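In what follows, a single structure is set out as structure tokens and then discussed.
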Ligand SMILES: Cc1cc2nc3c(=O)[nH]c(=O)nc-3n(C[C@H](O)[C@H](O)[C@H](O)COP(=O)(O)OP(=O)(O)OC[C@H]3O[C@@H](n4cnc5c(N)ncnc54)[C@H](O)[C@@H]3O)c2cc1C
Ligand SMILES: Nc1ncnc2c1ncn2[C@@H]1O[C@H](COP(=O)(O)O)[C@@H](O)[C@H]1O
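Protein chains in written order, with the numbering used here: chain L, 5 to 328; chain V, 41 to 301.
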């Protein structure tokens, strides 16, 4: 069997997303080990500038059309389903991102290909084994692929983007998608960029970040106080923002900011993959959580199993004491 | 607006998770179930639509975990009908099978919108929304955190989340399947007394699953070999002691890195 891996590229506003390189690096590694090949498929319009960045692929397949100028789940799924059925791949990689979450499963369903979500690793040593991270990061699951082609969604950050970056000449193929445009019921209108917030959490060397473990809005005061004492700002996980305790501009993670502070203090944050995506590159991560099995302790450098409020309060007092 | 919401029960991650002796599934004897967080947002969003535009909200759940309390809570919050689909469900991982279970019930009614949570913590074979949308032939948009139906044009305006706080706006012709990330308001609180009242009134409609269920334990195209916990605290140096002692050590670490003085 021809071991052909297809990587579905992701890009937005003229830039390829890191996940594209993360998947490409892994696909290259697997293809080299099994004497296979890698094609990166890019959907959109005016895609030429991306080609030289995708040098690790054997082929870059550009699928250009006005209707693909912006990501539209229905249109992209339609174009990709037809294409994948024609190309008969071995494995297909999508990013488990906000865009990939829609189209990976749509395409697998349309093509009747098996689908495995949230992959943290893929190995092809004899059989193809996918390790998925489920239950908010609290369990791993190893599954052997038994039917090909198979579609796998890859968690952002599972592989190194650097390993997928190489500017070299590659074969380029251009095709027009087969689209039944009259069937498309979804229209893209516009992108809305966030208004500048009160603070830019990406700019602080130290971040005090809070999750649902702080229990209620009133407890925020403890962390605001701590942040003020160490000239930091309060960042947060998604539930804190969804509850309306803090504005969206404070959210770290998949839909929020990607932060790389010198130190990230995670209070009452479980460490779900969607949160970790946004803070895993902090130089120093210190987590306080009452659950010794919280996945955050797998990415943290230091951890403490304790009540977040008690530790934050004690730390604020310690800093005040030292400053006197 | 005639809206359906699909909700499911998932293990409560606050409780300790254990692997079943077979090594491929969670050990059910210890599990506590709660409604999937994003499904609760989907219900809230449906109720907000009903409040603004009128119509009905139907909630569907399969008999996995403890769906009764979830369904009575939905009724107490303002859902019109709650359907519990019964069958020989073992707690599985397979949304493809679940999609087949829901399919006939969703086909039977002219829903203009079907909502559910964009993802659940156990979606090993992908979120159920895109699978069902494909089977129903409906357009799908997921990771949605805002919506505004326009009954006069038969469309709904959607806001989908992208990275770094960017939102994409779409207009979709109804009927449509929407994967909700967050409702436009936090899910409402409903007093226990109102849930108990809904329970006393009964009102959950039990319907038997019509689809064959034999694949409920296995993901088609994959053989699950092993489920296991990540090593606890792998990598992290754990700080022991009282909150004061922990704070002292954190202070020291931050101080060494020049972050506090
Ligand atoms: C498409 C998509 C995008 C997403 N984007 C993001 C994103 O951008 N950012 C994000 O954060 N999430 C995002 N999520 C959500 C993510 O999956 C998790 O649900 C979320 O990160 C969990 O937040 P949390 O850790 O605060 O809450 P939980 O997972 O509920 O964890 C709370 C933690 O607090 C601990 N705790 C409880 N009490 C205390 C106490 N007294 N002291 C100390 N600890 C305590 C608990 O042990 C637990 O570990 C996204 C999800 C999806 C599907
Ligand atoms: N299409 C939409 N999708 C999501 N949210 C919206 C949409 N239109 C308006 N909103 C929000 O709904 C609220 C009321 O909007 P409006 O009725 O346009 O004043 C505001 O908070 C808007 O941000």
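Each residue gets a CB set at the ideal place from its N, CA and C atoms; glycine is no exception. Just so we're clear, the structure is a prediction, and the values are computed from it rather than from any experiment.
For residue j and residue i, the rounded distance between their alpha carbons
i: residue 202/V; j: residue 326/L; result: 42 Å
i: residue 146/L; j: residue 155/L; result: 15 Å
i: residue 51/L; j: residue 67/L; result: 8 Å
i: residue 196/V; j: residue 7/L; result: 42 Å
i: residue 105/V; j: residue 179/L; result: 48 Å
i: residue 115/L; j: residue 85/L; result: 6 Å
i: residue 148/V; j: residue 42/V; result: 13 Å
i: residue 155/V; j: residue 223/V; result: 11 Å
i: residue 101/V; j: residue 185/L; result: 35 Å
i: residue 138/V; j: residue 168/V; result: 8 Å
i: residue 89/V; j: residue 82/V; result: 11 Å
i: residue 251/L; j: residue 188/V; result: 21 Å
i: residue 320/L; j: residue 277/V; result: 22 Å
i: residue 43/L; j: residue 36/L; result: 13 Å
i: residue 228/V; j: residue 117/V; result: 8 Å
i: residue 260/V; j: residue 249/L; result: 42 Å
i: residue 293/V; j: residue 269/L; result: 11 Å
i: residue 174/L; j: residue 74/L; result: 25 Å
Check: residue i C-beta below 7 Å from any heavy atom of ligand 1
i: residue 293/L; result: yes
i: residue 273/L; result: yes
i: residue 105/L; result: yes
i: residue 219/L; result: yes
i: residue 271/V; result: no
i: residue 243/L; result: yes
i: residue 247/L; result: no
i: residue 140/L; result: yes
i: residue 185/V; result: no
i: residue 278/L; result: yes
i: residue 189/L; result: no
i: residue 317/L; result: no
i: residue 4/L; result: No answer is possible for residue 4/L: the residues shown for chain L start at 5 and end at 328.
i: residue 260/L; result: yes
i: residue 2/L; result: The structure shown has nothing for residue 2/L, since chain L only spans 5 to 328.
Nonlocal neighbours in the same chain, by C-beta distance under 6 Å from residue i, ignoring five residues either side
i: residue 215/L; result: 241, 272, 273
i: residue 144/V; result: 250
i: residue 318/L; result: none
i: residue 118/L; result: 151, 154
For residue i: DSSP bridge partner residues
i: residue 49/V; result: 75/V
i: residue 307/L; result: 291/L, 278/V
i: residue 144/L; result: 137/L, 268/V
i: residue 108/V; result: None; residue 108/V has no bridge partner.
i: residue 127/L; result: 133/L
i: residue 200/V; result: 184/V, 208/V
i: residue 189/V; result: 196/V
i: residue 323/L; result: Residue 323/L pairs with nothing; no bridge assigned.
i: residue 242/L; result: Answer by DSSP bridge pairing: none, since residue 242/L is not bridged.
i: residue 68/L; result: 48/L
i: residue 125/V; result: 102/V, 247/V
i: residue 41/L; result: 8/L
i: residue 255/L; result: 240/L
i: residue 115/V; result: According to DSSP, residue 115/V bridges with nothing at all.
i: residue 274/L; result: BP columns for residue 274/L are empty, so no partner.
i: residue 16/L; result: 19/L
Per-residue contacts from residue i into chain C (C-beta, under 8 Å)
i: residue 142/L; result: Absent here is chain C; the protein component of the structure consists of chains L and V.
Sequence-distant residues of the same chain with beta carbon closer than 7 Å to residue i, five excluded per side
i: residue 134/L; result: 120, 123, 126, 147, 149, 156
i: residue 138/L; result: 122, 145
i: residue 176/L; result: 55, 64, 66
Cutoff 8 Å; reference residue i; Cβ partners in own chain excluding five residues on either side
i: residue 101/L; result: 14, 21, 23, 160, 258
i: residue 331/V; result: The requested residue 331/V does not occur in the structure, where chain V is confined to residues 41 to 301.
i: residue 76/L; result: 188, 190, 191, 192
Exercise. Taking one C-beta from the stretch 183-194 of chain L and one from the stretch 277-294 of chain L each time, how about it: are there three or more such pairs within less than 8 Å?
Worked result: Not touching, per the Cβ criterion.
Exercise. Three or more C-beta pairs closer than 8 Å, one from the stretch 195-208 of chain L and one from the stretch 52-59 of chain L: is that the case here?
Worked result: Short answer: they don't touch.
For this session: Would you check if there are 3 or more beta carbon pairs closer than 8 Å linking the stretch 295-315 of chain L to the stretch 237-255 of chain L?
Result: Judged by pairs of C-beta atoms under 8 Å, the stretch 295-315 of chain L does not touch the stretch 237-255 of chain L, as fewer than three such pairs exist.
For this session: Determine contact between the stretch 85-98 of chain L and the stretch 205-213 of chain L, defined as no fewer than three beta-carbon pairs at a distance below 8 Å.
Result: No: the two stretches stay apart, fewer than three of their Cβ pairs being nearer than 8 Å.
Exercise. Below 8 Å, can you find three or more Cβ-Cβ pairs linking the stretch 305-319 of chain L to the stretch 41-55 of chain V?
Worked result: Under the Cβ criterion (8 Å, minimum of three pairs), the stretch 305-319 of chain L does not count as touching the stretch 41-55 of chain V.
Exercise. With a cut-off of 8 Å, do at least 3 Cβ pairs link the stretch 50-58 of chain V to the stretch 72-84 of chain V?
Worked result: Flag = yes, the stretch 50-58 of chain V and the stretch 72-84 of chain V touch.
Problem set entry | the stretch 241-248 of chain V in contact with the stretch 119-128 of chain V per 3-pair CB rule at 8 Å | Judged by Cβ distances under 8 Å, the stretch 241-248 of chain V makes contact with the stretch 119-128 of chain V, as three or more pairs qualify.
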